[in-house]
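For the record, the sequence lines run as chains Y and P.
Here this note's numbering is used: the first residue of the first sequence is 1, the next is one more, and so on.
Here this note's numbering is used: the first residue of the second sequence is 1001, the next is one more, and so on.
In this text, a Cβ means the ideal position worked out from N, Cα and C, and glycines have one as well.
The structure appears below as structure tokens.
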Amino acid sequence: METLEFRFASHPAGPAADPALCGVVGSGNLEILIRAGDDPAACQLSIKTSARGFGDTWRAVLGDFAAAHAAGGTTVAINDMGATPAVVTLRLAQALAEYQGGAQ
Amino acid sequence: MNAPLANRKSWFEATARARIGGLLDAGSFVEFLQPAASQPSPHLAQLDLPGAFDDGVVVGCGRLEKMPIFVIAQEGQFIGGSVGEIHGAKIVGTLRRAVEEKPAAVLFLIDSGGVRLHEANAGLIAISEIMRAVLDARAAGVPVVALVGGSCGAFGGMGIVAKLCSGIVISEEGRLALSGPEVIETVMGVEEFDAKDRALVWRVTGGKHRYLMGDCALLVDDDLAAFRSGAAEFLTGWREAGPSLAALRSSQQALENRLAAYATYRDGLDVWAALGVAQPDSVPLLDSDRLVALKKGLPT
Chain Y
1 METLEFRFAS
11 HPAGPAADPA
21 LCGVVGSGNL
31 EILIRAGDDP
41 AACQLSIKTS
51 ARGFGDTWRA
61 VLGDFAAAHA
71 AGGTTVAIND
81 MGATPAVVTL
91 RLAQALAEYQ
101 GGAQ
Chain P
1001 MNAPLANRKS
1011 WFEATARARI
1021 GGLLDAGSFV
1031 EFLQPAASQP
1041 SPHLAQLDLP
1051 GAFDDGVVVG
1061 CGRLEKMPIF
1071 VIAQEGQFIG
1081 GSVGEIHGAK
1091 IVGTLRRAVE
1101 EKPAAVLFLI
1111 DSGGVRLHEA
1121 NAGLIAISEI
1131 MRAVLDARAA
1141 GVPVVALVGG
1151 SCGAFGGMGI
1161 VAKLCSGIVI
1171 SEEGRLALSG
1181 PEVIETVMGV
1191 EEFDAKDRAL
1201 VWRVTGGKHR
1211 YLMGDCALLV
1221 DDDLAAFRSG
1231 AAEFLTGWRE
1241 AGPSLAALRS
1251 SQQALENRLA
1261 AYATYRDGLD
1271 VWAALGVAQP
1281 DSVPLLDSDR
1291 LVALKKGLPT
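Encoded structure:
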């Protein structure tokens, strides 16, 4: 297992249904828990992943997410069981939509 | 009660949380010990494995057709729905709370291979505590209904727990047994049981076989709505009878009779023929309504 921590600047997220949980820690899948954070202009992420050595990939995928979405003011905790970058991107968008009170 | 396939929402494919969403009255679920308030398994962390916030089980309360109920839902996708220390403690805590608060029922959505081997003794103890807690809830007059239709079925210790419940609602996709197929093959050899023969596995452990044998109260379609109406149907008119020696003796006798009648058979097909099914080969192709009708017509 590898533990990774990231912090990205991001526009503030909208009104929140705190906390929001999305996904399952199954093979090739991950779960994402979004809670309110301290800094409205930043997204703080911590990841526990079963796949070692993919720090650069995580940084790229999560950086794209923070740039593309208004995810500021959130703390994101991720438990990962080898999800691909595409699945991570999809789940992040899904989790943020739920956090903002969006569709199921 | 067969909904068209396009309108079904598969129980087998749904996550634990999605199953709860489809099972209870809309918007009625309130989770005990939410993921943000819980902690992942310390044992898995010691083994350098990622845990899940809810440790693979969702517990809470809600309503089923307006009846107040408690619900326990195992997540089969997380390490096979296996029972670890925190996972087990959440289940036991919910059952003990049911003894105090007396909901109309506890719905137990089982999807598990049994003990989480990573947690060894903690998992074994958790299973034994769950068994006791199920019996305590029933002794307090609270029915515990097992719903089995997930990809992991109900095996190992959770197979025993399922049989300790008031009744079992199962789908064709559901499986129920003690030792899993791979375990039997590993211990006894492939000549004894070929775990790769999926059709054989289902003919011996699957929902249709369990229903024909009288191990399960209801057989339903692989559909969230079907499990919902099945659970409600089971609870209608059900009252927990207190523990009785006579009832235990009679079920022991039934098990001995069953062993004497079927112990030498190798396949569900042989058992169904002995039960009086005219065309055993047709059983795997029947839909649930037809199978229920077939069982009604069998000699008792």
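- By alpha-carbon distance to P/P1284, the top candidate from P/S1251, P/A1199, P/D1221 is P/A1199.
- Here P/L1219 is not near Y/M1, since their CB atoms are 9 Å or more apart.
- Y/V87 is outside the set of residues whose beta carbon lies under 9 Å from a beta carbon in chain P.
- Under the 9 Å criterion on CB atoms, P/R1017 is classed as interfacial with respect to chain Y.
- Y/P19 is not a Cβ neighbour of P/P1040, given a cutoff of 9 Å.
- With contacts defined by Cβ atoms closer than 9 Å, P/H1043 and P/G1080 do not form a contacting pair.
- Around the beta carbon of P/S1128, fewer than 16 other beta carbons sit within 10 angstroms, so the residue counts as exposed.
- No Cβ of chain P is located within less than 9 Å of the beta carbon of Y/T74.
- By the CB criterion at 9 Å, P/V1071 and P/L1033 fall outside the cutoff.
- In this model, P/P1181 and Y/T75 are separated by some 43 Å (Cα to Cα).
- Taken through DSSP and simplified to helix, strand or coil, Y/G72 comes out as strand.
- Note on geometry: alpha-carbon atoms of Y/T89 and P/Q1046 lie some 29 Å from one another.
- Looking at the DSSP output, Y/N79 bridges to Y/E31, Y/K48.
- A Cβ-Cβ contact shorter than 9 Å links Y/Q44 with Y/E5.
- Under the three-state reduction of DSSP, Y/T3 is assigned to strand.
- P/M1188 sits in a helix when the DSSP states are folded into three classes.
- Identification of residues in the region 29-50 of chain Y having a C-beta nearer than 8 Å to some C-beta of chain P yields N29, E31, L33, R35, K48, T49, S50, given in sequence order.
- For Y/G26, the neighbours in chain P by C-beta distance under 7 Å run, in chain order, Q1077, F1078.
- At a cut-off of 9 Å between C-beta atoms, Y/L21 counts as an interface residue with respect to chain P.
- Secondary structure of P/L1049 (DSSP, three-state): coil.
- Contact note: Y/D80 reaches chain P through P1050, using a C-beta cutoff of 7 Å and chain order.
- The bridge partners DSSP lists for Y/P12 are Y/G72.
- No Cβ-Cβ contact shorter than 9 Å links P/I1184 with P/G1157.
- In this structure, DSSP gives P/V1057 an extended state, which the three-state scheme calls strand.
- Exclusion of the five residues before and after P/L1286 leaves L1294 as the residues of its chain whose Cβ lies within less than 7 Å of its Cβ.
- Using a Cβ-Cβ cut-off of 9 Å, Y/A77 counts as an interface residue toward chain P, since at least one Cβ of chain P sits closer than that to its own.
- According to DSSP, residue pairing for P/A1003 in a beta bridge does not occur.
- Per the C-alpha coordinates, the member of P/E1240, P/Y1262, P/V1115, P/R1203 positioned closest to P/S1282 is P/R1203.
- Nearest C-alpha to P/A1231 among P/F1053, P/S1038, P/I1069, P/D1055: P/I1069.
- Within its own chain, the residues whose Cβ lies closer than 8 Å to the Cβ of Y/P12, once the five positions on either side in sequence are excluded, are P40, A41, A70, G72, G73, listed in chain order.
- A distance below 7 Å between beta-carbons, with the five flanking residues on each side excluded, links Y/G63 to the following residues of its chain, in chain order: F8.
- For P/L1212, no beta strand (DSSP E) encloses it; the enclosing alpha helix (DSSP H) starts and ends at 1207-1212.
- Secondary structure note for P/G1153: it is in no alpha helix (DSSP H), with a DSSP letter that is neither H nor E.
- In the pairwise beta carbon analysis, the region 49-57 of chain Y is classified as not touching the region 1004-1011 of chain P: fewer than three pairs are separated by under 8 Å.
- C-alpha of P/A1195 to C-alpha of P/L1135: approximately 32 Å in a straight line.
- Under the DSSP assignment, P/S1171 falls in the beta strand (DSSP E) whose first and last residues are 1167-1171.
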